[in-house]
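Participant:
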């Protein structure tokens with residue numbers, strides 16, 4: 106093989122490596138900094154000297170958010186919404202994706218159009234809000250779960266996966282007297298564990314990270330998920346800060362009282378930790394999902 | 046007579062075969078039923094609900110009982126002094142996204158392709174996905190804290206350099222740059238996946254042949270890698286352009302305050318505020334409808350262009 110020693114190649118290699126290192130630093134530093142700050146003393150945080158290692162190591166911030174305030178309850182709510190929501194997502198998505206994957210299903214094109222149209226046109230925020238109110242879902246956890254019970258991209262990923270299961274398996278089961286329902290639950294689903302895991306994790310990440318639906322559909326603070334509580338903490342800090350900058354003394358005092366920076370960092374980190382813990386292990390499945398999802402029919 | 050009769054019969058026989066195959070696949074339709082109901086209830090009923098854009102929606106009278114008012118709400122929106130500001134802000138953020146956010150994942154994928162397979166490459170790739178898994182409130186939360194004028198690290202550095210403090214989150218001039226930079230941060234790695242996949246499908250013989258011909262790495266990138274992912278780039282670009290008038294409210298709402306409305310207020314946040322906070326249901330539904338119609342038009346045009354350029358369209 107000819108060795109490529111040209112100047113342009115050397116420059117390219119240099120640029121590539123600089124870019125990669127830059128991406129690594131810029132991506133990792135903020136997250137590590139948040140983690141380190143959440144474990145640092147108030148003094149170190151206020152002086153702004155924490156980088157990626159805790160200074161004046163303390164677990165006080167975590168003790169504080171997990172013994173008082175809205176965080177423990179919100180954490181529990183988020184877990185419930187994520188688990189129940191994902192389960193319902195998976196049941197509805199797979200049971201609709203399976204018929205859509207069958208080549209010779211009568212009405213198949215009707216079903217497909219029913220789904221495709223919604224990708225390009227929707228009623229918008231307000232009609233959905235009115236619907237949720239009229240259905241009596243407002244201020245219940247179902248308002249966070251039912252309106253997004255099926256995500257069309259995930260439906261397509263699931264259908265594509267089902268399409269690739271050898272049809273002969275189903276055929277022989279059918280000849281043995283199994284009906285489609287039995288075939289679906291006993292043969293197709295057990296063969297689809299990888300796809301179920303991928304799509305399930307997509308849904309779970311979505312539920313865990315969502316806050317907007319909770320903001321518009323929930324009024325009872327006891328039902329708030331963690332991300333919404335986090336948003337309120339951040340927003341409060343922002344508003345107080347702006348007031349303090351405008352010279353509002355009481356705001357300045359209040360800011361001093363609640364501005365345990367570590368507490369904010371700890372809340373932030375707690376909101377990220379489940380996803381940070383799982384993503385390195387599951388990202389390869391996710392990547393496959395992205396590629397299937399971007400396929401067109 | 047005979048003609049209609051035979052037509053009727055073919056219809057009947059057709060219906061019979063249809064019914065027979067429906068019966069044969071009844072369990073499949075039963076499986077599909079919850080999904081169909083979901084789409085009808087949570088997608089089609091809200092589409093029907095859009096008619097309140099032409100009515101004065103009254104909670105007591107319901108969607109059907111409320112009075113028709115024609116295009117009143119649309120006209121009110123067009124005459125709104127903020128109309129152009131909302132359009133400008135929505136479109137500008139999208140244009141900046143296309144200019145700055147769109148090309149970087151492509152570049153990142155090309156650069157990643159230059160690395161040899163191994164731990165280093167996998168590590169960079171895995172790390173680059175990380176921000177995708179962080180929620181928007183957390184991302185904006187980090188931004189607020191790092192950029193805080195009183196104790197944020199960025200302003201501390203500025204101070205040490207003898208520069209004036211910048212009120213990043215409150216300054217309308219900083220809204221768009223911050224929105225775009227955080228978008229890049231969050232989506233660089235994840236957005237590259239599709240191009241990485243396209244690059245991995247390039248026939249390795251092309252590169253081998255190029256090496257024998259004495260091509261440099263830069264030449265291979267230019268004449269093999271980039272042309273082979275061009276169709277993907279074009280489709281992604283046109284898809285992106287198709288959404289130039291739409292921008293979700295979620296991220297903007299997290300970064301927004303009355304102090305930066307000048308650059309931050311977009312159609313979706315205006316709809317949220319006037320609709321859900323002030324309860325102007327009909328007016329904001331009209332705005333939403335106007336917005337989605339424009340979107341749909343742009344998307345159809347973009348799709349036509351895609352079809353002409355790449356012979357495959359979105360629909």
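Residue numbers (my numbering), protein chains in the order written: chain Z, 106 to 402; chain E, 46 to 360. Every residue gets a Cβ at the ideal spot worked out from N, C-alpha and C, and that includes glycine.
#1: Output yes if chain Z places a C-beta closer than 9 Å to the C-beta of residue 196 of chain E; else output no.
#2: With a threshold of 8 Å, are at least 3 pairs of Cβ atoms found where one atom belongs to the segment 293-304 of chain E and the other to the segment 312-321 of chain E?
#3: I want to verify the contact list: residues of chain C whose CB lies under 8 Å from the CB of residue 304 of chain Z, in sequence order.
#4: Buried or exposed: where does residue 203 of chain Z fall if 16 or more other Cβ atoms within 10 Å of its Cβ makes it buried?
#5: Which residues in chain E sit within 9 Å of residue 203 of chain Z, going by Cβ to Cβ distance?
#6: Restricting to Cα atoms, I'd like to know which of E/188, E/240 and E/196 is closest to residue 225 of chain E.
#7: Select from E/218, E/194 and E/217 the residue whose C-alpha is nearest the C-alpha of residue 211 of chain E.
#8: Please list the residues of the segment 219-230 of chain Z that have a C-beta atom closer than 9 Å to any C-beta atom in chain E, keeping them in chain order.
#9: Note the first and the last residue of the continuous beta strand (DSSP E) segment covering residue 102 of chain E.
#10: Do residue 308 of chain Z and residue 223 of chain Z have their beta-carbon atoms positioned less than 9 Å apart in this structure?
#11: Using beta carbons (cut-off 9 Å, strictly below), is residue 264 of chain E in contact with chain Z?
#12: Threshold first: 4 residues or longer. Then list the alpha helix (DSSP H) segments lying entirely within the segment 152-189 of chain Z, N to C.
#13: Could you check whether the Cβ of residue 61 of chain Z sits closer than 9 Å to any Cβ belonging to chain E?
#14: Taking the beta strand (DSSP E) that residue 113 of chain E falls in, what are its first and last residues?
#15: Strictly by DSSP, which residues pair up with residue 107 of chain E?
#16: May I ask you to report which of helix, strand or coil DSSP gives residue 195 of chain Z?
#17: Residues in its own chain within less than 8 Å of residue 381 of chain Z by CB, not counting five upstream and five downstream?
#18: Is the Cβ of residue 58 of chain E closer than 9 Å to any Cβ of chain Z?
#19: Can you tell me whether residue 323 of chain Z is helix, strand or coil according to DSSP?
#20: Counting only the same chain and skipping the five closest in sequence on each side, list residues whose C-beta sits under 7 Å from that of residue 113 of chain E.
#21: Check the C-beta distance from residue 340 of chain E over to residue 281 of chain E and give it rounded, since I have them as a contact under 8 Å.
#22: Between which two residues does the alpha helix (DSSP H) holding residue 328 of chain Z run?
#23: Give the secondary structure of residue 159 of chain E by DSSP, where H, G and I count as helix, E and B as strand, and everything else as coil.
#24: When burial is assigned at 16 or more other CB atoms within 10 Å of the CB, is residue 172 of chain Z buried or exposed?
#25: Based on Cα-Cα distance, which residue from Z/277, Z/315, Z/324 and Z/366 lies nearest to residue 339 of chain Z?
#26: Within 10 angstroms of its Cβ, does residue 275 of chain E collect 16 or more other Cβ (buried), or is it exposed?
#27: Please look up how many angstroms separate the CB atoms of residue 173 of chain E and residue 233 of chain E, rounded, as I've assumed it's under 8 Å.
#28: Are the CB atoms of residue 234 of chain Z and residue 321 of chain Z nearer to each other than 9 Å?
#29: Am I right that residue 157 of chain Z and residue 149 of chain Z are in contact with their C-beta atoms under 8 Å? What's the rounded C-beta distance?
#30: Is it right to say residue 140 of chain Z is buried, meaning 16 or more other beta carbons lie within 10 angstroms of its own, or is it exposed?
#31: Under 9 Å between the Cβ atoms of residue 330 of chain Z and residue 182 of chain Z?
#32: Would you say residue 88 of chain E faces chain Z, with C-beta separation under 9 Å as the test?
#33: Tell me which residue opens and which closes the alpha helix (DSSP H) that residue 312 of chain Z is part of.
#34: Roughly how many angstroms lie between the CA atoms of residue 290 of chain Z and residue 304 of chain Z, to the nearest whole one?
#35: Rounded to the nearest angstrom, how far is the Cβ of residue 398 of chain Z from that of residue 261 of chain Z, given a contact under 8 Å?
#36: Please tell me whether residue 207 of chain E and residue 153 of chain Z are closer than 9 Å, where the distance is taken between their beta carbons.
Facilitator: Considering the structure as presented:
#1: yes
#2: Note that the segment 293-304 of chain E touches the segment 312-321 of chain E; at least 3 beta-carbon pairs, one per stretch, sit closer than 8 Å.
#3: In the structure shown, chain C does not exist; the protein chains are Z and E.
#4: buried
#5: 73, 76 and 77
#6: E/188
#7: E/194
#8: 219, 220, 221, 222, 223, 224, 225, 226, 227, 228, 229 and 230
#9: 100-103
#10: no
#11: yes
#12: 165-172
#13: One cannot answer for residue 61 of chain Z here, as it falls past the ends of chain Z, which runs 106 to 402.
#14: 111-113
#15: E/103
#16: helix
#17: 136
#18: no
#19: coil
#20: 99 and 100
#21: The Cβ separation is near 17 Å, so there is no contact.
#22: Premise fails: residue 328 of chain Z is in no alpha helix (DSSP H) and is neither H nor E.
#23: coil
#24: exposed
#25: Nearest C-alpha to residue 339 of chain Z: Z/366.
#26: exposed
#27: Indeed, because the Cβ distance is near 6 Å, the residues count as touching under 8 Å.
#28: For the pair residue 234 of chain Z and residue 321 of chain Z, the CB atoms are nearer than the 9 Å cut-off.
#29: Between residue 149 of chain Z and residue 157 of chain Z the Cβ distance is about 13 Å, and since that is not below 8 Å, they are no contact.
#30: buried
#31: yes
#32: yes
#33: 298-314
#34: 17 Å
#35: 6 Å
#36: No, they are not a contact pair.
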